[in-house]
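Inspection log for the structure reproduced underneath, given as structure tokens.
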Amino acid sequence: MPSKKALIRRPSPRLAEGLVTHIEREKVDVDLAVEQWEAYAEALRTHDWETVEVDPADDCPDSVFVEDTVVMYRNVALITRPGAASRRDETLGVEEAVASLGCSVNWIWEPGTLDGGDVLKVGDTVYVGRGGRTNAAGVQQLRAAFEPLGARVVAVPVSKVLHLKSAITALPDGTILGRIPQLDAPSLFPRFLPVPEESGAHVVLLGGDKLLIAASAPKTAELLADLGHEPVVVDISEFEKLEGCVTCLSVRMRELYA
Ligand SMILES: NC(=O)NCCC[C@H](N)C(=O)O
823 MPSKKALIRR PSPRLAEGLV THIEREKVDV DLAVEQWEAY AEALRTHDWE TVEVDPADDC
883 PDSVFVEDTV VMYRNVALIT RPGAASRRDE TLGVEEAVAS LGCSVNWIWE PGTLDGGDVL
943 KVGDTVYVGR GGRTNAAGVQ QLRAAFEPLG ARVVAVPVSK VLHLKSAITA LPDGTILGRI
1003 PQLDAPSLFP RFLPVPEESG AHVVLLGGDK LLIAASAPKT AELLADLGHE PVVVDISEFE
1063 KLEGCVTCLS VRMRELYA
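Residue numbering for the sequence shown follows the working numbering, starting at 823 and increasing by one per position.
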């Protein structure tokens, strides 16, 4: 059944202590981050997504990046086991939230690790990045959870960026957006549109032609508008300092049985 709910999670007051792996640490303005997060949530609501706030996890600096803690396929919520040990407590509140929305709940178990940022769904194809945060057992467990539901799981090596979705996302027609130098195996993706900026590789599909995209990717927004899409621009500079992007601040739930 179609639904338009999006999980979001308010930034922790300790956001500035969030993990940084592939970029230099820069000072994060937490007040500005909260304003940016509120504007992001408002952009979702403006485009008919009902936002559902997971209880805040104030002791978890990276908890705003809620995408990493759960992967949805149909009405099944796969609670992850984040690759970074410091992020594992984030899943508790998320599990409660998805259960209260009526999802079937499944889990990644030790020794598996998987971050939601490594999972890109394009129709029934589920690409999963095997890299710094997601291990082989995590890939196997994802496959076991979703293939019986009709998914085709394609594992992709990821060594150059934090997550698979740091390098690519997909347009509504399935075209993959990204930058070839950030990919280990670009030939795995059948239809590929190179973008002019790194953060241009990240879009959130809002419905119809509308795509949420970061203010740091103006040339990509222009390119996408020129191809008939409607970019909806949000400034997420404070989250980008922590290797976050537009995708990681929400989890869209499109097939709830509510
Ligand atoms: N899915 C995502 O892109 N998540 C971003 C997570 C950033 C966070 N600082 C981390 O390193 O885990």
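Note that the Cβ used here is the ideal one computed from N, Cα and C, for glycine as well.
Ordered along the chain, which non-local residues of its own chain (more than five positions away) have a Cβ less than 6 Å from that of residue i?
i: residue 1026; result: 1034, 1068, 1069
i: residue 1074; result: 828
i: residue 1072; result: 828, 830
i: residue 984; result: 843, 844, 1065
Cutting at 7 Å between CB atoms, please list the residues of its own chain near residue i, excluding the five before and the five after it.
i: residue 1002; result: 1008, 1016
i: residue 968; result: 895, 948, 975
i: residue 996; result: 944, 945, 1013
i: residue 1021; result: 1036, 1038, 1039, 1062, 1067
i: residue 1060; result: 850, 851, 854, 855, 858
If distances are taken between C-alpha atoms only, which option among the options comes closest to residue i?
i: residue 1045; options: 1062, 1061, 1023; result: 1023
i: residue 876; options: 999, 1020, 912; result: 912
i: residue 940; options: 932, 966, 892, 851; result: 892
i: residue 885; options: 838, 954, 1011; result: 838
i: residue 1053; options: 1060, 1032, 1059, 1041; result: 1032
i: residue 860; options: 1029, 999, 874; result: 874
i: residue 958; options: 970, 971, 979, 942; result: 979
i: residue 871; options: 824, 972, 1048; result: 824
i: residue 1043; options: 1005, 1019, 1028; result: 1019
From the DSSP output, which residues share a beta bridge with residue i?
i: residue 1036; result: 1056
i: residue 1063; result: Answer is none; residue 1063 lacks a bridge partner.
i: residue 999; result: 991, 1015
i: residue 816; result: The structure shown does not extend to residue 816, since the chain is modelled only from 823 through 1080, so no value can be given for it.
Report yes if the C-beta of residue i is less than 7 Å from at least one heavy atom of ligand 3; otherwise report no.
i: residue 953; result: As presented, the structure is devoid of ligand 3, carrying ligand 1 as its sole ligands.
Which residues end up in the neighbourhood of ligand 1 when you take C-beta atoms closer than 7 Å to any of its heavy atoms? 840, 841, 842, 843, 884, 887, 889, 890, 906, 909, 937, 938, 939, 984, 985, 987, 988, 1064, 1065, 1066, 1067, 1069, 1070
Touch test, the segment 946-962 against the segment 910-923, Cβ-Cβ under 8 Å, three pairs minimum: no
Across the segment 875-891 and the segment 829-846, are there enough close Cβ pairs to call them in contact, namely three or more that are closer than 8 Å? yes
Okay, do the segment 960-968 and the segment 981-1000 touch, 3+ Cβ pairs below 8 Å being the bar? no
Using 8 Å as the cut-off, can you tell me whether the segment 859-868 makes contact with the segment 893-905, which would need three or more C-beta pairs spanning the two stretches below that distance? no
Counting pairs of beta carbons, one from the segment 928-937 and one from the segment 903-914, are three or more of them closer than 8 Å? yes
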